[in-house]
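Residue numbers (the working numbering): 659 to 975. In what follows, a single structure is set out as structure tokens and then discussed.
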Amino acid sequence: MGSPGQKVVLITGCSSGIGLRMAVMLAKDEQKRYHVIATMRDLKRKDKLVEAAGDAYGKTLSLAVLDVCNDESVKQCFDGIKDRHVDVLINNAGIGLVGPIESIPIEEMKKVFETNFFGVIRMIKEVMPDMKKRKGGHIIVVSSVMGLQGVVFNDVYAASKFAMEGFCESLAVQLLKFNVTLSMIEPGPVRTDFETKMIEEVKQKEFPGADPDTVHYFKNVYLPSSIDIFETLGQTPDDIARCTKKVIEASRPRFRNLTNPLYTPIVAMKYADETGGLSVHAFYHMLFNLGPLMHVSMTVMKYLTCGCLRSRTVAPN
659 MGSPGQKVVL
669 ITGCSSGIGL
679 RMAVMLAKDE
689 QKRYHVIATM
699 RDLKRKDKLV
709 EAAGDAYGKT
719 LSLAVLDVCN
729 DESVKQCFDG
739 IKDRHVDVLI
749 NNAGIGLVGP
759 IESIPIEEMK
769 KVFETNFFGV
779 IRMIKEVMPD
789 MKKRKGGHII
799 VVSSVMGLQG
809 VVFNDVYAAS
819 KFAMEGFCES
829 LAVQLLKFNV
839 TLSMIEPGPV
849 RTDFETKMIE
859 EVKQKEFPGA
869 DPDTVHYFKN
879 VYLPSSIDIF
889 ETLGQTPDDI
899 ARCTKKVIEA
909 SRPRFRNLTN
919 PLYTPIVAMK
929 YADETGGLSV
939 HAFYHMLFNL
949 GPLMHVSMTV
959 MKYLTCGCLR
969 SRTVAPN
């Protein structure tokens with residue numbers, strides 16, 4: 659499992675999107691500093707990863723089955739690693755949920771927390787004892803700006819990320835005593851097939867239990883604005899992978915790493931007013947009063963920037 663001097667990096671959720679690009683980027687490191695264990699629930703979905711990895715597959719990249727929602731699956735994965743030794747754990751696996759809260763069954767909400775919150779905790783509990791014993795290691799959690807600032811109609815998803823942010827803030831203090839680093843990666847919108855598919859699906863859905871006005875606001879106000887933001891300000895999975903690699907390689911990794919500086923003012927607005935009114939009312943006006951204007955603004959920005967903004971949205975060291 660890796661050559662002497664290589665760091666063993668275990669990444670969850672590697673069948674597509676951010677996890678896939680992280681695995682490929684680290685496995686193709688020119689100095690071959692990493693041996694990547696790319697995990698996914700079903701190895702039948704490995705083809706995209708194997709193709710993207712090319713010659714790195716079987717050399718600096720290996721695959722393993724892992725379901726972060728299953729205790730036994732997590733244990734078996736670590737048992738398959740030599741000495742259960744992991745230098746860098748990247749918790750990337752996650753699921754989204756969007757829509758009027760009245761129409762979302764409690765069971766669906768629990769699934770989000772099972773993956774986004776408890777799934778990360780399972781992984782950390784498994785890797786932490788050895789890291790503390792060795793007094794070394796790096797735990798990375800892919801969170802979201804929605805773990806810092808809630809977004810309308812993303813109530814449950816934001817809650818799962820808020821929970822993870824609080825958990826990690828608390829744990830990071832203890833881990834410092836054992837020379838173990840904990841870092842958060844906090845992307846804004848990321849353009850992936852997963853996001854595109856989810857948006858298309860919710861467009862077609864009925865929302866039983868939600869009143870007609872709420873359904874109208876969600877489908878005809880929120881979704882168009884959301885699509886505009888993703889298309890104009892959204893980053894690519896490679897952007898997030900590059901930021902994560904910088905965090906791994908930093909001499910003193912930061913705890914929080916916002917990958918898209920364009921979202922810094924949004925987060926700052928929350929802390930500028932201790933009553934919370936500033937951010938709540940600002941988001942209200944952006945969505946309900948400036949919705950059509952925002953659509954026009956985003957469309958103009960998309961054509962004027964020609965991608966210039968996107969090239970500048972990777973957080974610096």
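Yeah, the Cβ is synthetic: ideal placement off N, Cα and C, and Gly gets one too.
DSSP places residue 914 within a strand segment (E or B) once states are collapsed to three. By the 16-neighbour rule on beta-carbons within 10 angstroms, residue 803 is buried. In the same chain as residue 725, and ignoring 5 residues on each side of it, the C-beta atoms closer than 7 angstroms to its own belong to 699 and 731, in chain order. Inter-segment contact for the stretch 811-824 and the stretch 847-854 is absent: fewer than three beta-carbon pairs are separated by less than 8 angstroms.
Its Cα nearest to that of residue 891, the residue 846 stands out among 898, 829, 738 and 846.
Taking one beta carbon from each stretch, the stretch 742-757 and the stretch 660-677 have 3 or more pairs nearer than 8 angstroms; the two touch.
Our two residues, residue 904 and residue 867, have alpha carbons roughly 45 angstroms apart in a direct line.
For the stretch 723-789, the continuous alpha helix (DSSP H) assignments of 4+ residues that do not extend past its boundaries occur at 729-737 and 764-771, in sequence order. Along the length of the stretch 664-715, whole beta strand (DSSP E) runs at least 3 residues long occupy 665-669 and 692-698, reported in chain order. When the Cα atoms are used, residue 930 and residue 692 turn out to be separated by approximately 41 angstroms. Shown here, residue 893 sits in a strand according to DSSP, grouped into three states.
The Cβ neighbour count for residue 780, taken over all protein chains shown within 10 Å, is at least 16; the residue is labelled buried.
In this structure residue 827 is exposed. Its beta-carbon is surrounded by fewer than 16 other beta-carbon atoms within 10 angstroms.
Of the other Cβ atoms in all chains shown, fewer than 16 fall within 10 Å of the Cβ of residue 717; this residue is therefore exposed. Comparing alpha-carbon positions, the option among 736, 942 and 769 lying closest to residue 883 turns out to be 942. The continuous beta strand (DSSP E) containing residue 799 extends over residues 795-800. Counted as a single uninterrupted DSSP element, the beta strand (DSSP E) harbouring residue 842 occupies residues 838-844. Counting along the chain, the unbroken alpha helix (DSSP H) around residue 925 starts and ends at 922-930. A residue is called buried once 16 or more other Cβ atoms fall within 10 Å of its Cβ, and residue 899 is buried on that count. In this model, residue 735 and residue 723 are separated by some 7 angstroms (Cα to Cα).
Residue 936 carries a helical assignment under DSSP once its states are collapsed to helix, strand and coil. When C-beta atoms of the stretch 853-863 are compared with those of the stretch 914-929, fewer than three pairs fall below 8 angstroms, so the two segments do not count as touching. Just measuring C-alpha positions, the residue of 677, 729, 872 and 740 sitting nearest residue 710 is 677. When only Cα atoms are considered, residue 837 and residue 911 end up about 12 angstroms apart. DSSP, read as helix, strand or coil, puts residue 848 in strand.
Restricting attention to 889, 757, 869 and 681, the CA atom closest to the CA of residue 706 is found in 681. Its Cα nearest to that of residue 774, the residue 817 stands out among 817, 686 and 763. Relative to residue 701, the option among 714, 721 and 688 whose CA is nearest is 721. Beta-bridge partners of residue 720 (DSSP): 695. Nearest C-alpha to residue 770 among 756, 783 and 782: 756.
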